[in-house]
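J.: First the structure, then my questions, so here it is.
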Amino acid sequence: MNHNPSPIPEPHATPRINPNPNPIPTPAATPPDILRCAYMDIVVTDLAASREFYVDILGLVVTEENENEIYLRSFEEFIHHNLVLRKGPVAAVAAFSYRVRSPEDLDRAVEFYTELGCRVERRPGGFTRGIGDSVRVEDPLGFPYEFFHDVEHVERLAWRYDLYGPGALVRLDHFNQVTPDVPRARAYMEDLGFRVTEDIKDEDGVTYAAWMRRKSTVHDTAMTGGNGPRMHHVAFSTHEKHNILYICDKLGALRKSDLIERGPGRHGVSNAFYLYLLDPDGHRVEIYTQDYYTGDPDNPVVTWDVHDNQRRDWWGNPVVPSWYTEASPVLDLDGNVQPIVIREEPSEMAVTVGADGFSYTREGDVTKGFKLGDTL
Ligand SMILES: [Fe+2]
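Numbering that gives the first Met the number 0 puts the sequence shown at residues 0 to 375.
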């Protein structure tokens, strides 16, 4: 029987790398019961340009807006928003926000992060429009995380086919975060109650990325190894592949194909169909569809070999270098850009981009490398 995806090679007898030499302590406190990734709060430098991108081109629905902020949601959403565009001087991420099951879970979040020694602030309802009381933290990795339960309900537009366009974005699917030490981040996120669904490793035990979920999809967020903390992308779902192809055609027709950074394509990891766009500030947005159900407690973890060139694109197309190197800064709770910590372990780009002889389409084939490696 074929291995599909290919397993990583057998590890060295003695792992050369301690997978988590600097662990974040596991709190004794019970973590908050997180339902799902709910919205991202991003700072943009030109609100009109961002509105054109997110509303006029991508078709996200405006719940509410004023001269400084725009609150956007997807077609199947019933909570107030999935994305906040906030006008400011530096393009960055102000919050990765998760919905929790009950108001008591806000107390649990306070206890959990206080025990970790993190900066924790309660924000009263209305601090963010449409959102009730929330807890914002600077998490151990330096990311601004938010938890909330109470929220204003708005019309779920799922049946409003009079409003649907062929490229309709129907759900917020996930966040993706850049952090230097993936095993450290992974262990902390598991303490927070996340389950890992897939990861990318090499034969030396280096982890390059990990995907983790609360809802029953491949992920609510992923940890991508690199200089961080930074935000790699925020992803919205369409129902089907052809909806993503429509978005590509529309961008071409508008002579805005330069907004496409990577794709369209089929991921190996997650098995989803994808497209990566860059907004006017360079915030990366993924359009994503058709991953798989992960809700059983014994859902198998899929581990990919970093040298398998089908892991990031199932058709073997190379990843553009900017996708590995560029990401958005994140803010602390005062609105200042968080300092960057450099990744010490090998970078995924360095070990896989280009015809370096270390990547393969068929395991054991060291002569061909990337199918399209010479194009880089
Ligand atoms: Fe993604």
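Cβ atoms here follow ideal geometry from the backbone N, Cα and C, with glycine treated the same way.
Between Y287 and ligand 1, is there a pair consisting of the residue's CB and a ligand heavy atom that are separated by less than 7 Å?
T.: Your numbering for residue 287 matches position 288 in the sequence shown. Yes, Cβ of Y287 sits closer than 7 Å to a heavy atom of ligand 1.
J.: By the 10 Å Cβ neighbour count, where 16 or more other Cβ atoms means buried, how is Y160 classified, buried or exposed?
T.: Numbered from 1 along the sequence shown, position 161 holds the residue referred to as residue 160. Burial call: exposed.
J.: Can you tell me where the alpha helix (DSSP H) with P143 in it begins and where it stops?
T.: Here residue 143 refers to the residue found at position 144 when the sequence shown is read from its first residue. Counting along the chain, P143 falls outside any alpha helix (DSSP H), though it belongs to the beta strand (DSSP E) covering P143 to F147.
J.: State yes or no: is the C-beta of A234 nearer than 7 Å to some heavy atom of ligand 1?
T.: Within the sequence shown, numbered from 1, the residue matching residue 234 stands at position 235. Yes; taking the cut-off as 7 Å, the Cβ of A234 has a heavy atom of ligand 1 nearer than that.
J.: Quick check: is any heavy atom of ligand 1 less than 7 Å from the C-beta of H282?
T.: Numbered from its first residue, the sequence shown carries residue 282 at position 283. H282 Cβ: outside cutoff for every heavy atom of ligand 1.
J.: Going by Cα to Cα distance, which pick from S358, W303 and L156 is closest to P317?
T.: Translated into the one-based positions of the sequence shown, residue 317 becomes position 318. Selected option, being the one with the closest Cα: S358.
J.: If we ignore side chains and look at the alpha-carbon of each, how far apart do M348 and V153 end up?
T.: Counting from 1 along the sequence shown, the entry for residue 348 is found at position 349. Counting from 1 along the sequence shown, the entry for residue 153 is found at position 154. Straight-line Cα distance between these residues: approximately 42 Å.
J.: Within the present structure, is the beta-carbon of A326 separated from the nearest heavy atom of ligand 1 by less than 7 Å?
T.: For the purposes of this step, residue 326 is taken as the residue at position 327 of the sequence shown. No; taking the cut-off as 7 Å, the Cβ of A326 has no heavy atom of ligand 1 nearer than that.
J.: Under a Cβ-count criterion, where at least 16 other Cβ atoms within 10 Å of its own Cβ denotes burial, should I69 be classed as buried or exposed?
T.: Taking the first residue of the sequence shown as 1, we reach residue 69 at position 70. Classification of I69: buried, given that the 10 Å Cβ count is 16 or more.
J.: For C247, name the three-state secondary structure that DSSP assigns.
T.: Working through the sequence shown from its first residue, we reach residue 247 at position 248. Reduced to three states, the DSSP call for C247 is helix.
J.: Per DSSP, which one or two residues make a beta bridge with Q289?
T.: Reading the sequence shown from its first residue, position 290 is the one you call residue 289. BP columns for Q289 are empty, so no partner.
J.: Going by DSSP in three states, K240 sits in which element: helix, strand or coil?
T.: Stepping through the sequence shown from its first residue, residue 240 is reached at position 241. The answer is helix: DSSP assigns K240 an H, G or I state.
J.: From this set, D45, D333 and H79, which residue's C-alpha is nearest G87's C-alpha?
T.: Taking the sequence shown and counting its residues from 1, one reaches residue 87 at position 88. Comparing Cα-Cα distances from G87 to each of D45, D333 and H79, the minimum goes to D45.
J.: What does the alpha-carbon distance come out to for the pair A27 and D280?
T.: Working through the sequence shown from its first residue, we reach residue 27 at position 28. Working through the sequence shown from its first residue, we reach residue 280 at position 281. About 40 Å.
J.: Inspect the CB distances between the stretch 238-252 and the stretch 284-300 and report whether three or more fall short of 8 Å.
T.: These segments touch.
J.: Are there three or more Cβ pairs, one per stretch, closer than 8 Å when the stretch 177-197 is compared with the stretch 210-226?
T.: Flag = yes, the stretch 177-197 and the stretch 210-226 touch.
J.: Is T351 helix, strand or coil by DSSP?
T.: Taking the first residue of the sequence shown as position 1, residue 351 is located at position 352. Helix, per DSSP.
J.: Roughly how many angstroms lie between the CA atoms of E260 and A91, to the nearest whole one?
T.: By 1-based counting over the sequence shown, the position of residue 260 is 261. By 1-based counting over the sequence shown, the position of residue 91 is 92. Approximately 19 Å between the Cα atoms of the pair.
J.: Run the CB neighbour count on D172, radius 10 Å, all protein chains shown included, and call it buried at 16 or more, exposed below.
T.: In the sequence shown, counting from the first residue as 1, residue 172 sits at position 173. Counting Cβ neighbours within 10 Å, D172 comes out buried, since at least 16 surround it.
J.: What's the C-alpha gap between L274 and N81?
T.: Stepping through the sequence shown from its first residue, residue 274 is reached at position 275. Stepping through the sequence shown from its first residue, residue 81 is reached at position 82. Roughly 19 Å separates the two Cα atoms.
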